[in-house]
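Position in the sequence shown (from 1) plus 123 gives the number in the working numbering.
Take a look at the structure set out below.
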Amino acid sequence: MFKSVVVIGSGNVGHHLGLHLVDSGLDVLQVYSRTEAKAQPLAGLIKTTYTTNLEQINPTADLYLLAVSDSAIAEVAKALSFSSTLSPLVVHCSGATPQTVLSEQFERFGVFYPLQTFTKERVVDFKQIPICIDANTVDDLKLLEHLAMQMGCPVYPINDEQRAVLHLAAVFVNNFANHLFHIGEQILSKDQLPFDLLRPLIQETATKVMQASPAERQTGPAIRGDQVTIQRHLQALETWPIYREVYELFTKSIQKS
Ligand SMILES: NC(=O)c1ccc[n+]([C@@H]2O[C@H](COP(=O)([O-])OP(=O)(O)OC[C@H]3O[C@@H](n4cnc5c(N)ncnc54)[C@H](OP(=O)(O)O)[C@@H]3O)[C@@H](O)[C@H]2O)c1
Numbered sequence: 124m125f126k127s128v129v130v131i132g133s134g135n136v137g138h139h140l141g142l143h144l145v146d147s148g149l150d151v152l153q154v155y156s157r158t159e160a161k162a163q164p165l166a167g168l169i170k171t172t173y174t175t176n177l178e179q180i181n182p183t184a185d186l187y188l189l190a191v192s193d194s195a196i197a198e199v200a201k202a203l204s205f206s207s208t209l210s211p212l213v214v215h216c217s218g219a220t221p222q223t224v225l226s227e228q229f230e231r232f233g234v235f236y237p238l239q240t241f242t243k244e245r246v247v248d249f250k251q252i253p254i255c256i257d258a259n260t261v262d263d264l265k266l267l268e269h270l271a272m273q274m275g276c277p278v279y280p281i282n283d284e285q286r287a288v289l290h291l292a293a294v295f296v297n298n299f300a301n302h303l304f305h306i307g308e309q310i311l312s313k314d315q316l317p318f319d320l321l322r323p324l325i326q327e328t329a330t331k332v333m334q335a336s337p338a339e340r341q342t343g344p345a346i347r348g349d350q351v352t353i354q355r356h357l358q359a360l361e362t363w364p365i366y367r368e369v370y371e372l373f374t375k376s377i378q379k380s
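Okay, structure coming up:
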């Protein structure tokens, strides 16, 4: 069982995981950010120490959680060094990055990927967050499984290839869906209509796919083949060429699915 953790990265994920690790009974020994402005508030909330210098990372923890931007994982890993007698487990939190990015630096490495969208300001319910884990040894996979369970999360052993697929699907259902909400908001605001009008529809769309396959729940002019409406919408989008392209692509994708 892990007892102590160092959280490297004080962004959205570092913030939420750091707080929840403490709530789950772990000792967060230290948090890191490049800036004091970010490290200090998180350390204050967790009631722990912080550093802005990777050379001053506390070397005595059982687990090191790299919650830094995907593009910084390799660079941060290179800056960390532990004596071979300690050999702690080092994991990153990225869906899009293979665990092998850590293999050159560390004897024990893995992934602890929480499959949810995090922003600091939003409270999250960890009981509803699948944690996708991987590790280079069976023993460490078991330790990570135990940790996720201790945090009250559903846990899934997922290898690099599977996680890449999962992350791709997550980009569609989360990032792209959210961008579509943004397009809807822009279209309404051109005619001074409030986004609130769409919120119940968004809620019902998400609720419906909790009970059935999205393929069975598709509605709208594309699936009905309602050409008159489609042409009217395309005309209305003439001043937004990119959104017009998106509309045409989505219509084609729905009709070919
Ligand atoms: N947000 C999500 O919804 C989500 C969900 C699941 C997994 N993840 C994964 O979790 C990880 C962190 O994401 P996040 O959303 O927490 O990102 P974030 O809010 O943008 O925070 C990124 C953190 O990385 C640090 N960082 C960036 N470049 C760095 C560098 N060159 N050297 C050292 N530190 C650097 C930042 O440092 P400063 O504090 O100094 O700016 C910050 O602490 C990523 O691997 C991401 O893929 C994110």
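Positions of the beta carbon are idealized from the N, C-alpha and C atoms, including for glycine.
None of these values were measured; they are calculated from a predicted model.
Proximal residues to residue i (C-beta, below 7 Å), its chain only, five neighbours per side dropped
i: Val191; result: Ile131, Gly132 and Val199
i: Asp146; result: none
i: Tyr366; result: Ile306 and Leu360
Closest Cα partner of residue i within the set the options
i: Gln153; options: Asn135, Glu371, Ala160 and Pro182; result: Pro182
i: Lys379; options: Ile346, Ile353, Trp363 and Tyr370; result: Ile346
i: Phe318; options: Leu264, Leu303, Lys331 and Gly348; result: Leu303
i: Arg245; options: Gln273, His139 and Gln163; result: His139
i: Gly141; options: Leu186, Thr220 and Gln179; result: Leu186
i: Phe205; options: Thr220, Gln228 and Asp193; result: Gln228
i: Leu144; options: Arg157, Ser156, Val128 and Tyr366; result: Val128
Same chain, Cβ closer than 6 Å to residue i, neighbours up to 5 away in sequence not counted
i: Asn135; result: Phe241, Thr242 and Lys243
i: Gly307; result: Leu321
Cβ of residue i within 8 Å of any chain B Cβ
i: Gln179; result: Note that chain B does not occur in the displayed structure, where there is just one protein chain.
Which of helix, strand or coil DSSP assigns to residue i
i: Val296; result: helix
i: Ile281; result: coil
i: Pro237; result: strand
i: Asp452; result: The chain is shown from 124 up to 380; residue 452 falls before or after that span and cannot be answered.
i: Arg231; result: strand
i: Ser156; result: coil
i: Ser127; result: strand
i: Val136; result: helix
i: Val213; result: strand
Inter-residue spacing [alpha-carbon to alpha-carbon] between residue i and residue j
i: Val278; j: Lys250; result: 10 Å
i: Gln352; j: Glu371; result: Here the sequence assigns Thr to residue 352, which means Gln is not the residue at that position. Each residue's Cα considered, the two are about 13 Å apart.
i: Phe232; j: Asp257; result: 9 Å
i: Val369; j: Thr174; result: 45 Å
i: Arg340; j: His269; result: 37 Å
Can you give, in chain order, each stretch of the alpha helix (DSSP H) that sits fully within the stretch 301-338 and has at least 4 residues? Taking only runs of at least 4 residues, the alpha helix (DSSP H) segments lying wholly in the stretch 301-338 are 322-334.
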